[in-house]
Every structure is written in C-alpha cells, then in structure tokens.
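Structure, as structure tokens:
Chains as they are written, first to last, in this note's numbering: chain A, 4 to 607; chain B, 4 to 607.
The following block contains the structure:
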C-alpha cells in the first residue's frame, strides 16, 4: 500500500553541494583552514518570487538535513521534525520555503571527521580541525548564498540549533529578519560541560577508539553508547522519567540478582545507546560536543548585552519549564540581554514535563507560537499592519481571558492619556487587546508582560512582542525610562509586593498609568460599617477567603503611597460605573475605581 | 610538630572482627549464602554503664569505617565525618559511644568482592553474591551483638547510609530508639537508577575489567573513573557547580582547540575520577550501586505506609533543598508514610546550595538538629522531662522568632480550651513555646508544623517533633481525627487559601482552635470610614502594601465561613487588649481579636 503523504512534504531527497573548494579553504575560528567543504541539505515548499519566504532550520546534536518527509515509499520514519514542518503545519510548507542542512563536523553528508582528508586520502578522524558553532553558521551562510538567497525570514533552532540561530543573528544581522531560539542557551552551564566531558571520556577511553582511526574496524561503540546514555538522561526530566519508566522491571517479575539490565529505564538506555551507535560517528560526537562546550557569547563579547548590541532581528525565545539541561533561567539570561538592548523580543516558558526533549514533543504549543511569530514578522516586513487576528489552535487561552477575573477599566480612558507614536509597556497584557487597540488608534510601539502561558501565546500569535513573566520577580533588565508609558491595569491589588513593583515601573516608564478598585468606595465602607463583614461589591465580587485581591487600597492610600515612593500624580480620574467623576465630589468616598497617570519625581 | 588533637577523637584504629563463620554462613536476600564475614569497624567515646549511649553511623557509597580522627600522627586527612563526630561536636564523643563499620560488599576491610573466596583461594570478583541493603544491616546487627550491645540510642546515616537506617528501624524495631535519615530515600528514582546503570556500564565495558578478575593486573580504572565522574555531577547542584567552577578555564587563557580537559570542571572531574580509582574497587562499585538500585521499601511491603507500620523508633528526616539526587520530595514521601502511621517524626529541609554533598558540608545546621534530637531522645527514654532548653548554636532562629510579626494571643487562653493528655498539633508552632507550655501544664502529646527552618531546628533541638512544611501545601497524609486539638494561631489572615487549609485542619483535628485579628474592629472601621485609608492598628501595624495579612476577615466573616465549611463553633472568645469580653457587647464591633474553638459538623 502506498504511504499516505497528504499531510507530509512527501518523498524528499538529501542534496549535496560544495560550498568551499579545496583551493580556497575556509579559515576556521581556531585559525586552521578547511577545504573542500560539501554540505548536505534538504528544501521543502516553493521559494516566493521576492525570495521573502525562506525559513532556515538549524538541527541539534544528533539531527541531520532530513527534517521532514520520507526518503522513499518504504521509509518507516519521517524526518526528525516532521510533526512541525509540512503543509498546514506549524512551519507551513505551503507558505514558506524551508531549508535544513547537516552542520559542519556532522556525519550525515556534510564534511566532517568521517570525510576523506585530501591530504592523506583517508578519513580525517582526529585530523579534522576543531570547529565552532560560528564555523558551522559560516558554512550555512555559504550554502544560502549558493542557493541565491539573501534574506532569511526566520532562522529557527532548538537546543544546539538555537546556538546556531544566535550566531546567525549576531554574525549576519542584515540577513535575518526573525530568530527563534528554542530550549537553548548563550553558553553551556558547568553541569552541561561536565556531562559532555564524561561522554567524551567514555569514547576516548574505549579500546576500539584507536586514536580516531577506527573506520576500518569496530569503532568505540561502547564508549559512544555510554555517551549517548548520559545524554538521554539529561534530555528527560526526572518527573518525565518517573512517569514513563518509574522503577518498573522490563520483563522479570522479581529481581534477578545479576548484573544485567533489568529495570525498564536500563533497557531504554541500552536501546538508545545501541541505536545511536548504528547511525552516528564517535568522532563527530567529540567534535560537536566540543563546539557546544566552546560556545560562549559572554566570553566572545565581554557580556551578553554586548553580544546582542548590533542584532537587528526580531527575537522569540522559548524554553520549557522542566528542561534542566538548557534551563528557562538560561533563556531568561538571553531575554534580559535583549531587553537591555531595547531589542524586539518575545519570550514564552512553556509548561511541560518532557524536559529538554519537549522541543520535539510540544508541537502544538510551539507550532502556534512559531506560526504566528513568522506570519506577523512577514506582515510587518511587507508594511502590512497585522489585523490582530488569532490563528493559533490554542483557543483555550482566549476563553480564559474572557473569563478572567480582572475588571478592565475602559480602554478609551487609558488611550486618552497616551500620546501617539509612544513606546508602551502593558504589564499584565492578557492576549494583547489593549495594545492592539493602541496600535490602531495611537500607532504605539507595543510591548507586553503576561504571566499566563496561553495568553502569552495568543498575544505573540497576534503579532505582539510579549514576555512571559511574573511581574513580581523583577524587571531589572529594562533600562531607565525605556517606555513612554507603562500600564498597570487592575493589578496593583493582586500583587504580593505592590511597592517593589511600582517602584520598578516608575523607573522603566516615563509615565505609569495605574488603575485599581477603590477599597474605600462608599458602598464598601457602609457594608463593613453596618454588616461588619469584608465587603463584596460588583468590582470586588470575591469572598474574603478566595479573593485574588490581597492588598486593599483606597484612592487616598494610593496617593500616600505615591508620596512615599516619590511619585508625582499628573492626572487622576475617579470612576463610577466606568464613567469619570469630578475630583471635587469626594472621589475617595464615591469612586468605585480610579485611573492615575503618575511619574517619578526628580528623575535625572 | 605533633598534630593538635584537642578537637578530635585522636589517633584511632580500624579493628576487625569475624561476625559470620565459614561453617554457618549468612543466608542473603538473594537466597545465596556467604561466610566467613569479617567486619572492619571503629569506635569512639565510652560505652555507658547502662549501655544506653550507643550511636551507630552508617556510611554512604564511598565511605568506610574510618569516621573520625586520624590513623597516625602524619595522617593528612581525618575520617570522613570528623567535622560532625568528636568531643563537643554535633555527635559528641564525650557523651556517646559511637560505632561505624564498613558495610558488607565494601572494599575497606569488611568482606566484599576483593576478599578471598575460600572456595577458590582467590578474590571473589564477580563470584561474590549480589547483596542488599538488608544484608548489610544484618551484618551490622551481628557486629553490634558481638560488641555486647542490645540497644542503639540512635542510628544515623546520610545518602545510602540513610537506607541502612531505614532498614534498621524496620527490621530491628526493638533495637533502635531513634533514627536519623539524612538526604536519603525509600527507593531510588528512575533517574538515579539510570545514572548508576551508566556507571556500571562504563566499568563493565572497560577492556581491563576481565570479568572482574583484574586483581593481578591493571583494573578497569578508566571505567571506574567515568562512573565516579557521573556520580560527582549528581552530588553537586547545578548552582553549586556554577558558583564553584562556572566556565572557568583551568590554566589556559584561551581555548586550546584540542580534546584535552581545559575547563576547571573537567579537571575537577578528572581528579575525582583518578583519586577514586586509587582508593576504591570497581567490583565493589558494581555491587554497592546494585544494592542501592534494589533498595525499595514500596516493593518490599506493598506501600511505604505498610513498610513503617511496625517501627517503634523516633524519626528525624533531613533533606537539602538543592539535592536533586535524593530529593526533598523523596524525604517527604517517607515523612508522609510515617505521619500516616502516627509515628513520632520530625522533618527539616535544610536550605543549602551544596546539593547532595550538603550532608557532609552543612555541619552546623545538621549538628544542631542531631545533637538536640539525640539528647532529648535520651532524656525521654530516661523518663526525664526535657526542660525545653535550646542547646544549638543557631540562636538566630530564636531572635527571629522574638521579632516575628505574629501577635500571639495569650497562651493561657488556648491552654484553657485544651483537656489534659491530648494530642495537639500547633500549626505554625515557631520554636515550640506554646507546645512546651502545654506539655508542662496539660501533659499533651505535642506536634508542630512550621515554615521557618531556623524555628524548626530550634523546636527540634528542644525535643519537639516538628515538621518543616508550608501548611498551604497540604497535610493529606494525616489521618482523619489524628489530633484532639489543632491550633491555628494568628495565621488565618496570612494564608493564600484559608478555606483549603481550614478544611484540612477540621479533618485532621477533632477540635480546631483558631485565633485571628478582627478586621471589623471598631477602630479599624472608623479609620476607614473617616480617613478613607486602609486601617493601621496596633494589631495590624502594616501599610496596605507590605502587610503579611492578605485576607481580611471579621468575627462575622469567620462565622459565616464556618457555616459555609460545615464547622461548628463550640466556643468563642472575643478579646480586647488580650482580655476576654462578653459576647453580648457587640464583639464584631469591639473585639480586636478573637479565639474560637471549632469542630467539624456531622463527623463520622
């Protein structure tokens, strides 16, 4: 029976092309030269006439150019990211021209230690020069040029692929319109270097390694398998491993009291080690892990802030909550450095139990993020204003927002305080409704911070630059006066530390617009006075024990608070039933809520 | 110059004793028999006349019998836990008779794979039978008997040592008065089994392993070194490794572009691997890690609850916040099972960045816990009432408590509600002041839950059984009606989810005593009415933005809340200035705070 290819890029072929000749070799970061260099690559979809729909995918350690589709009708498994790349998928080959190439030093077609060294006529082995992530990207750039492409709409990569994306954005700022860095890092942690080093030790200690010249005999299979087993432990989360394997025995009911693999997790690792040995080269493993260990943007530029100084790319950083190899904290380091440079960056930390492997598994969430981000990037480049429509499949987020507990004050009122063409940060931006209106009405440059993952995904999908973050953590990375306006709408009373947050907002925004329910509203007061119970009003419809509002304040409280924090009140709009009332008619008593425009006094 | 031994157990000697003869071998858990068995051990301090001061220490994977002191004047390093064991130290050899023995299967004097197999006349190697933690403890019990000791005041062990402690408590309930289980688990996680399996693979794959008969040639040093390196990665936390090594290069300023160890973390691991090879046996490593992998109290008894059913021992469980090998969650699993069995158990999760290694490093905190726990256990056994004095060095905890923000209602008032000889749980027990008074006045059986580590340590040191826990997390493991009284004093208004917590307390306590500040207190109301600001009173001396009180309630609110949750109010004591007032004179208006005695309606 013929394979059903309707949902696939179909039968594909890995092509090869020489990008560096023997006569004019490439000078590597190590100072050594290498040539010829041949690159194995695949492409899917159609290049648009304007060549403005190109997406380059960078693969991770054990990947290759075979990203999607099947190599023949009998092929059992599709390419490594077939769930994401294809017609109508997250990276839609009906719309985009997608390229993936095996990286330099790999063992799947591109020049690497298994290639023939022209100087000796046999495989390079350890004669292959040490390469860096930068070298790999140089070779990818040469490939792109050979294909006649000048601009990449997006460069996308997970794990070590993300490192390549970072190098692309930094080394070729004019060639990359948007960069998506997934489950990656600007530099490996000591712990990751340690795991890599132990894996390399296992290969080097294998008696069959023969100084890397094992190609005519049995290679260092046991060493390579051990290295891969260590890798696999780090790709899964402890929880994921517990749920998948636990302490289950593979086949025996009782302990065998022998030194053979008997726990399911042991046989899983045996299998992973064995199957890796069959498809991967031990020398390549040495070179690639070393390139990862060496990757360090802080070392290269003095700081991560400096590394990102000259990038012109729109960034999306994605991490996974249970990834302990390339942690969310490492993604946040990149985020902070980009924010400090005032770059256009979105960030989402996807809640997932799959650990580092999540980048290959969480296709739906990741697909929504990628598709919206790339689509709106293209719209922006074409000068088309995004219509703010949501094209993702995670509609749950929007519903949640509609049911959100916050009582939004009238957007018109906030809009009335904002001058056109301003840079605006909406703290707790939800799915971006307010920001989208402000773009429409005031042509603002919008940015958002939001805690809820689904709302972040929805807002990013709608073309907004949004950072997934708990505002209470800190926003130190924003420079002083980064924004013309910062909006904190109906959130003050739900914060654990309103003083810390407000102080930060006054620092990063020239003006801060704050709205909150008035706890001294006459109705509330009377309720407390006469009934002696904590007030429940239309604006505060919660019982004392389940309210998200944990700090109650009145207009007067807020004004004293501003005085205390050195904030100037520039405008004050008390509201009854969402309509402004005069400040002369006892607002502290009568207003149900209020909107304030504030700024920091004595700012330099 | 002579070594200064004033702070040490001095020059010590490892003794050996045969505990199993060749003629009547020990039957192991595997069904195989082993004999003779010789045990290497050390002792420090003096055995008391009543033999009631014996502490047994169980060592971890790479430890041995040489716990403290020096083997000779020129010895550079003392025993492995010398910081904890010695005159005046956490385990005080001036007071206690301390024993430590190398476990079965080890390679430091006790019978193991390096010992001569009487059947062949050469080292056992892989002929050595597979052993379990239970087998190790059986051999320790034989040693103790040989030494003429019937009862152990305490059995203490960290990591794999903790597994032995658990077996002691379960297998010999009448021989163990108290058990201290540090950074341990009732069963390894899948992830830990995975790390162990990879380490064993590295040894078994080493060409020099020679099926375990390598004693007359170079052993599987590279394999053993790799196993040890993996181990060391798991002993440190990511953060600890980052702070200790980061991405620092060992000696070169620039990358060498060679496959040699150049990052500090690499040379550290090389060193650890190498020094381990010099002092440890690869076969022992195989046997010991297998014994750890097999250890599983859930498997042995059907559930952890059943495993602990028959223990009679006072327990203290200690974990470390950054330990990802034997996690705090695993310690909590043991805690829950002990709690479910109504056993006497204390728990402290020590905040530390040192990962699993913390059990050898956090000497001060751990020393306070151990010294107080053992001292008060001995006092209890001797029928002496503990005087509640604090002998620890972490006095900071007590000061913090004195400065604590809570306003405690009069202890006398709570005491007046409690019948003598009751079992009482104080939720948020601080350093145990209230519980100690209730012991004195009402002879209660006290238990406490407390969030602050220093207060937990202080309370445990004073002889109380206290669990280190955020009450908001859940207390599901307590059976219904576990306590005659549960006390929640001045805490309700600081909880995120007072309804969930109170519901749980009503379930686990026959009666729940609750006290809280009255937010509808007349003074507050007037302040809000006339000044229109969130009230600041003597009992609520915080501004709206920094108050730990996040849910405001009045007497009326609480009464409606009780109705809502199906709680009966048995007694109500409104207070002005800590003095009871009549319920007839408008308590909701006039009371500054109140104490309620409640219980669940329609309880089975």
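The beta carbon of each residue, even a glycine, is placed where N, CA and C say it ideally should be.
Contact criterion: CB-CB distance below 8 Å. Does residue 192/B meet it with respect to chain A? Stepping through the second chain from its first residue, residue 192/B is reached at position 189. Between residue 192/B and chain A, the shortest Cβ-Cβ separation is below 8 Å.
Could you check whether the Cβ of residue 120/A sits closer than 8 Å to any Cβ belonging to chain B? Mapped onto the first chain, residue 120/A falls at position 117. At a cut-off of 8 Å, the C-beta of residue 120/A has no neighbouring C-beta in chain B.
Does the distance from the CB of residue 471/A to the CB of residue 493/A come in under 8 Å? Residue 471/A sits at position 468 when you count from the first residue of the first chain. Residue 493/A sits at position 490 when you count from the first residue of the first chain. Against a cut-off of 8 Å, the Cβ pair of residue 493/A and residue 471/A comes out as no contact.
Per-residue DSSP class, three states only, for residue 397/A: By 1-based counting over the first chain, the position of residue 397/A is 394. Here residue 397/A scores only 47 on pLDDT, less than 50, and its place in the model is too uncertain to base an answer on.
Sub-8 Å separation of residue 25/A and residue 121/A beta-carbons: Translated into positions along the first chain, residue 25/A becomes position 22. Translated into positions along the first chain, residue 121/A becomes position 118. Going by C-beta atoms, residue 25/A is nearer than 8 Å to residue 121/A.
Within 8 Å of any Cβ in chain B, is that where the Cβ of residue 274/A sits? Along the first chain, read from residue 1 onward, the residue named residue 274/A stands at position 271. Answer no: the Cβ-Cβ gap between residue 274/A and chain B never drops below 8 Å.
So which residues of chain B does residue 201/A contact, with C-beta pairs closer than 8 Å? By one-based count along the first chain, residue 201/A stands at place 198. Those within 8 Å of residue 201/A in chain B are 229, 232, 233, 236, 272.
Would residue 187/B count as contacting chain A if we go by Cβ distances under 8 Å? Taking the second chain and counting its residues from 1, the one referred to as residue 187/B is at position 184. Chain A, which has no Cβ nearer than 8 Å to the Cβ of residue 187/B, makes this no.
Under a three-way DSSP split, which group does residue 565/B fall into? Indexing the second chain from 1 puts residue 565/B at position 562. If DSSP states are grouped into helix, strand and coil, residue 565/B belongs with the helices.
Beta-carbon within less than 6 Å of residue 64/A's beta-carbon, same chain only, minus the 5 sequence neighbours each way: which residues are those? Taking the first residue of the first chain as position 1, residue 64/A is located at position 61. Once the five neighbours on either side are set aside, the close Cβ partners of residue 64/A are 163, 291.
If you count every other CB in all the chains shown that lies within 10 Å of the CB of residue 119/B, and 16 or more means buried, which is it? For this step, residue 119/B is matched to residue 116 along the second chain. Residue 119/B should be labelled exposed.
With 16 other CB atoms within 10 Å as the buried threshold, where does residue 141/A fall? Here residue 141/A refers to the residue found at position 138 of the first chain. Buried, by the Cβ-count rule.
By DSSP, does residue 602/B sit in helix, in strand, or in coil? Position 599 of the second chain, counted from the first residue, corresponds to residue 602/B. Three-state result, residue 602/B: strand.
Does the beta carbon of residue 333/B sit closer than 8 Å to a beta carbon anywhere in chain A? Position 330 of the second chain, counted from the start, is the residue given in the question as residue 333/B. For residue 333/B, the closest Cβ of chain A is not nearer than 8 Å.
Are the C-beta of residue 175/A and some C-beta of chain B separated by less than 8 Å? Mapped onto the first chain, residue 175/A falls at position 172. Not an interface residue.
Paired residues, beta bridge with residue 3/B - DSSP: Beyond the ends of chain B as shown, which are 4 and 607, falls residue 3/B; an answer cannot be given.
Whose Cβ in chain A lies nearer than 7 Å to the Cβ of residue 444/B? What you label residue 444/B is simply residue 441 of the second chain in a count that begins at 1. Near residue 444/B there are no residues of chain A at all, since even the closest Cβ is about 33 Å away, more than 7 Å.
Distance CB(residue 134/A)-CB(residue 31/A) smaller than 8 Å: Locating residue 134/A in the first chain gives position 131, counting from the first residue. Locating residue 31/A in the first chain gives position 28, counting from the first residue. Taking 8 Å as the Cβ cut-off, residue 134/A and residue 31/A qualify as a contacting pair.
Same chain only: Cβ atoms within 7 Å of residue 280/A, ignoring 5 sequence neighbours per side: Counting from 1 along the first chain, the entry for residue 280/A is found at position 277. Around residue 280/A, the same chain offers 224, 227, 228 as residues with beta carbons nearer than 7 Å, after the five sequence neighbours per side are excluded.
Confirm, please, whether the CB-CB distance from residue 300/B to residue 169/B is below 8 Å. Position 166 of the second chain, counted from the start, is the residue given in the question as residue 169/B. Position 297 of the second chain, counted from the start, is the residue given in the question as residue 300/B. Contact: yes.
Closer than 8 Å, CB to CB, is residue 261/A near chain B or not? One-based indexing of the first chain puts residue 261/A at position 258. In terms of beta-carbon proximity, residue 261/A lines the interface with chain B, with at least one pair separated by less than 8 Å.
To the nearest angstrom, how far is the alpha carbon of residue 409/A from that of residue 521/A? Within the first chain, numbered from 1, the residue matching residue 409/A stands at position 406. Within the first chain, numbered from 1, the residue matching residue 521/A stands at position 518. Unreliable placement is indicated for residue 409/A, whose pLDDT of 41 sits below 50; the coordinate value is still reported in the next sentence. Between residue 409/A and residue 521/A, the C-alpha separation is close to 14 Å.
Should residue 595/A go down as buried or exposed, given a rule of 16 or more other Cβ atoms within 10 Å for buried? Reading the first chain from its first residue, position 592 is the one you call residue 595/A. Per the 10 Å Cβ criterion, buried.
With a threshold of 6 Å on Cβ separation, who are the neighbours of residue 248/A within its own chain once the five nearest residues in sequence on each side are excluded? Position 245 of the first chain, counted from the start, is the residue given in the question as residue 248/A. Once the five neighbours on either side are set aside, the close Cβ partners of residue 248/A are 267, 268.
Start-end ranges of the alpha helix (DSSP H) lying completely within the segment 129-210 of chain B, minimum 4 residues: Here the runs fully enclosed are 136-149, 163-174, 193-208.
When burial is assigned at 16 or more other CB atoms within 10 Å of the CB, is residue 590/A buried or exposed? For the purposes of this step, residue 590/A is taken as the residue at position 587 of the first chain. Buried: at least 16 other Cβ atoms inside 10 Å.
Are the beta-carbon atoms belonging to residue 417/A and residue 445/A less than 8 Å from one another? What you label residue 417/A is simply residue 414 of the first chain in a count that begins at 1. What you label residue 445/A is simply residue 442 of the first chain in a count that begins at 1. No, the Cβ-Cβ distance between residue 417/A and residue 445/A is not below 8 Å.
Helix or strand or just coil, what does DSSP make of residue 428/B? For the purposes of this step, residue 428/B is identified with residue 425 of the second chain, where counting begins at 1. Reduced to three states, the DSSP call for residue 428/B is strand.
According to a CB-to-CB cut-off of less than 7 Å, which residues of the segment 240-255 of chain B neighbour chain A? For the segment 240-255 of chain B, the residues whose beta carbon sits under 7 Å from a beta carbon of chain A are, in order, 241, 244, 245, 248, 249, 250.
First and last residue of the uninterrupted alpha helix (DSSP H) at residue 258/A: Stepping through the first chain from its first residue, residue 258/A is reached at position 255. Residue 258/A -> no alpha helix (DSSP H), and no H or E assigned at all.
Write down the C-beta distance between residue 240/B and residue 357/B rounded to the nearest angstrom, noting that I regard them as a contact closer than 8 Å. On the second chain, residue 240/B is found 237 positions in, with the first residue counted as 1. On the second chain, residue 357/B is found 354 positions in, with the first residue counted as 1. Yes, they are in contact, since the Cβ atoms of residue 240/B and residue 357/B sit about 7 Å apart, within 8 Å.
Determine whether the beta carbon atoms of residue 515/B and residue 481/B lie at a separation below 8 Å. The residue you call residue 515/B lines up with position 512 of the second chain. The residue you call residue 481/B lines up with position 478 of the second chain. Residue 515/B places its beta carbon 8 Å or farther from that of residue 481/B.
Please state if the CB of residue 474/B and the CB of residue 431/B are separated by a distance shorter than 8 Å. Here residue 431/B refers to the residue found at position 428 when the second chain is read from its first residue. Here residue 474/B refers to the residue found at position 471 when the second chain is read from its first residue. Cβ distance < 8 Å, so residue 431/B and residue 474/B count as in contact.
Run of the alpha helix (DSSP H) containing residue 243/B, from where it starts to where it stops: What you label residue 243/B is simply residue 240 of the second chain in a count that begins at 1. For residue 243/B, the enclosing alpha helix (DSSP H) covers residues 241-247.
What is the rounded straight-line gap between the Cα of residue 295/A and the Cα of residue 136/A? Working through the first chain from its first residue, we reach residue 295/A at position 292. Working through the first chain from its first residue, we reach residue 136/A at position 133. Computed Cα separation, rounded: 7 Å.
Assuming residue 12/B and residue 71/B are in contact, meaning their beta carbons sit under 8 Å apart, how far apart are those beta carbons, in whole angstroms? For the purposes of this step, residue 12/B is taken as residue 9 along the second chain, with counting starting at 1. For the purposes of this step, residue 71/B is taken as residue 68 along the second chain, with counting starting at 1. About 5 Å separates the Cβ atoms of residue 12/B and residue 71/B, confirming a contact at the 8 Å cut-off.
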